[in-house]
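Trainee:
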Amino acid sequence: MNSPAVSYKNHRFLPLIIARAVWLYFRFPLSLRMVEELLLERGIVVSYETIRRWGGKFVAAYCQAVAQKKAVAKGYLASGRGGGFHRRPKPLALARR
Numbered sequence: 133m134n135s136p137a138v139s140y141k142n143h144r145f146l147p148l149i150i151a152r153a154v155w156l157y158f159r160f161p162l163s164l165r166m167v168e169e170l171l172l173e174r175g176i177v178v179s180y181e182t183i184r185r186w187g188g189k190f191v192a193a194y195c196q197a198v199a200q201k202k203a204v205a206k207g208y209l210a211s212g213r214g215g216g217f218h219r220r221p222k223p224l225a226l227a228r229r
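Take the sequence shown: its letters are residues 133 to 229, numbered as in my numbering.
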């Protein structure tokens, strides 16, 4: 179930700006107008309606990418090749005499 890659064709803003606006809106409890103000502080003039449209268009692809990254990371850690993650050793069962 592979969906086509996200196309940013015919968009005025860079893909990084679009991704950041959508991420801010869905990751934190911010309103569209708050995201608009945050971007305005950075010198990016975009309306809240445009951010809403981006959210409707790009959120499914972003969620799918995050889910794939989680699945890869889970498989990587389960295989025993996890870099900095260590499991707690099991206590040894000692035979009593």
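For every residue, glycine included, the Cβ atom is placed at its ideal position computed from N, Cα and C.
#1: Any contact of the region 144-154 with the region 195-203, i.e. 3+ C-beta pairs under 8 Å?
#2: Could you give the uninterrupted runs of the alpha helix (DSSP H) lying entirely in the region 137-195, keeping only those of 4 residues or more?
#3: Straight-line CA distance for Val140 to Pro161?
#4: At the 8 Å Cβ level, is Val167 part of the contact set with chain C, yes or no?
#5: Note down the Cα distance separating Cys195 from Ser179, rounded to an integer number of angstroms.
Mentor: The answer reads as follows:
#1: With a cut-off of 8 Å, the region 195-203 and the region 144-154 do not count as touching, because too few Cβ pairs lie within range.
#2: For the region 137-195, the continuous alpha helix (DSSP H) assignments of 4+ residues that do not extend past its boundaries occur at 147-159 and 164-173, in sequence order.
#3: Note on residue identity: the sequence assigns Tyr, not Val, to residue 140. Their Cα atoms are separated by approximately 25 Å.
#4: Among the protein chains of the structure shown there is no chain C, as only one such chain exists.
#5: Distance between the alpha carbons of Cys195 and Ser179: 23 Å.
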